[in-house]
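To keep things clear, I will list the structure first and then write my remarks on it.
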Amino acid sequence: MSSHEPEKGPGISAEYFDFSDHTYGQTSLEEIPARIKAGQFAWIDMDLAVADLRLLKTVLPISAAGWLRLDQLANHAEGIQEEPVSCLWRSEGLLEMVLVGTVCRLNTIDWERCDILLGEGFLVTVCRGASEILAVVRREYAHDFQQHAVTPSFLIYEIWNAQINQFLSTQSELEKNVEGIRLALYRDVNEATLSSLAELSGKLMMLRKRVLPARRVLEDLVSRKTSLISAGTLDFFGRMIETLDRLLADIESNRDILESAVNLTLTFTAHRTNLTMNRLAVVSTIFLPLTFLCGVYGMNFAVLPEVQWKHGYAYFWAVSLVISTTLIIMLKRARLL
Numbered sequence: 109m110s111s112h113e114p115e116k117g118p119g120i121s122a123e124y125f126d127f128s129d130h131t132y133g134q135t136s137l138e139e140i141p142a143r144i145k146a147g148q149f150a151w152i153d154m155d156l157a158v159a160d161l162r163l164l165k166t167v168l169p170i171s172a173a174g175w176l177r178l179d180q181l182a183n184h185a186e187g188i189q190e191e192p193v194s195c196l197w198r199s200e201g202l203l204e205m206v207l208v209g210t211v212c213r214l215n216t217i218d219w220e221r222c223d224i225l226l227g228e229g230f231l232v233t234v235c236r237g238a239s240e241i242l243a244v245v246r247r248e249y250a251h252d253f254q255q256h257a258v259t260p261s262f263l264i265y266e267i268w269n270a271q272i273n274q275f276l277s278t279q280s281e282l283e284k285n286v287e288g289i290r291l292a293l294y295r296d297v298n299e300a301t302l303s304s305l306a307e308l309s310g311k312l313m314m315l316r317k318r319v320l321p322a323r324r325v326l327e328d329l330v331s332r333k334t335s336l337i338s339a340g341t342l343d344f345f346g347r348m349i350e351t352l353d354r355l356l357a358d359i360e361s362n363r364d365i366l367e368s369a370v371n372l373t374l375t376f377t378a379h380r381t382n383l384t385m386n387r388l389a390v391v392s393t394i395f396l397p398l399t400f401l402c403g404v405y406g407m408n409f410a411v412l413p414e415v416q417w418k419h420g421y422a423y424f425w426a427v428s429l430v431i432s433t434t435l436i437i438m439l440k441r442a443r444l445l
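Residues in the sequence shown are numbered consecutively from 109, following the numbering used here.
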């Protein structure tokens, strides 16, 4: 086994794996065809910010259909990429996967894309810039290769395992924020807290949008078996689907917690408003008859012609009584009293 790091060119590195004697190490692009022919497995990692995809055409035994798929990475290479989702394509003995992970940076959640091309005897991973998923794989694959790996598909397992751990780590961070927002809502409802709640809810939705397509890709791999991935690895993928199902349930649970906290906060606010309105109603009830009497006896009857009538004062009270009775009847019919 070589103890050296993979050979690195301008944005490209290559390694070989021999499963007959469990040796691995760096290799050059020129040696890859011979190593594949000798039964070894090659892993080529490219950084599209630096490397040229055309380099692969000189070393990999891929059919025209496969190159057509690979050429479609040109937009990715040029950085012309909308926010992608995880997906899977199959063509003539090849599997191409697009994995989209989540990376927590300060108060934001970014995404990172990794394109994977798996064929007989080789694996190509294509990213733009540094990939946290592949960094984790490089740190951990050596031990697993020595202790457990029996087929090349172990690398696909390592990549998916790092992807799912990334999802779980993001969910764990968001879950801490959910509890903090919930407690903040109970203490005090202000614009900053509500803004943080809306932002956190958006992050949970974003994570869900990453996890669901990844689950669909795993489900496709498990349900439509291929000779490129061993049965043992597919069994592990089945367990990963269960992990993603639990993760999706946790995401929905956290969203429900936020929604319940908002509803409870609105209930408390409405209750406090009702208490205030009740107090104001009591005060209004006390002052309403006093206001009425002040209005009556504060009038200057000396200049009103009605006071010269024989029963003018009685007419006033009779009209007041009729108006009040009519209003009471109408309010009762409208079920407002």
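Glycine included, C-beta positions come from ideal geometry on N, C-alpha and C. All values reported here derive from a predicted model rather than from experimental measurement.
- Distances from the CA of Leu342 to each of Leu263, Ala300 and Arg318 were compared; the closest alpha carbon is that of Leu263.
- The region 308-323 makes contact with the region 191-207; the number of CB pairs closer than 8 Å reaches 3 or more.
- The alpha-carbon separation between Ala250 and Glu367 amounts to approximately 45 Å.
- With fewer than 16 neighbouring CB atoms inside 10 Å of its own CB, Trp425 falls in the exposed class.
- Pro260 counts as buried, since no fewer than 16 other beta carbons sit within 10 angstroms of its beta carbon.
- Ser121 places its beta carbon 8 Å or farther from that of Asp160.
- The three-state secondary structure of Ile337, taken from DSSP, is coil.
- In the three-state scheme derived from DSSP, where H, G and I count as helix and E and B as strand, Asp160 is classed as coil.
- For Thr301, the uninterrupted alpha helix (DSSP H) run begins and ends at Glu299 to Ser331, by DSSP.
- Within the model, the alpha-carbon separation for Tyr132 versus Lys145 is close to 16 Å.
- With respect to Glu248, Glu266 sits close: the two C-beta atoms are nearer than 8 Å.
- Remark: C-beta atoms of Thr278 and Thr210 approach each other more closely than 8 Å.
- Per the C-alpha coordinates, the member of Ala378, Met348 and Arg213 positioned closest to Gln271 is Met348.
- For Met313, the number of other beta carbons within 10 angstroms of its own is below 16, and it is reported as exposed.
- Contact between Ile224 and Leu207 holds, since their C-beta atoms are separated by about 7 Å, short of 8 Å.
- Within a 10 Å sphere around the beta-carbon of Glu299 sit fewer than 16 other beta-carbons, which makes this residue exposed.
- When rounded, the separation of the alpha-carbon atoms in Ser392 and Gly403 is 15 Å.
- Excluding the 5 residues flanking it on each side, His256 has same chain C-beta neighbours closer than 8 Å at Phe262, in chain order.
- Secondary structure note for Val208: its beta strand (DSSP E) is the uninterrupted segment Leu202 to Arg213.
- In this structure, the straight-line span from the alpha carbon of Lys440 to that of Leu355 is close to 55 Å.
- Judged by DSSP in its simplified three-state form, Asp218 adopts strand.
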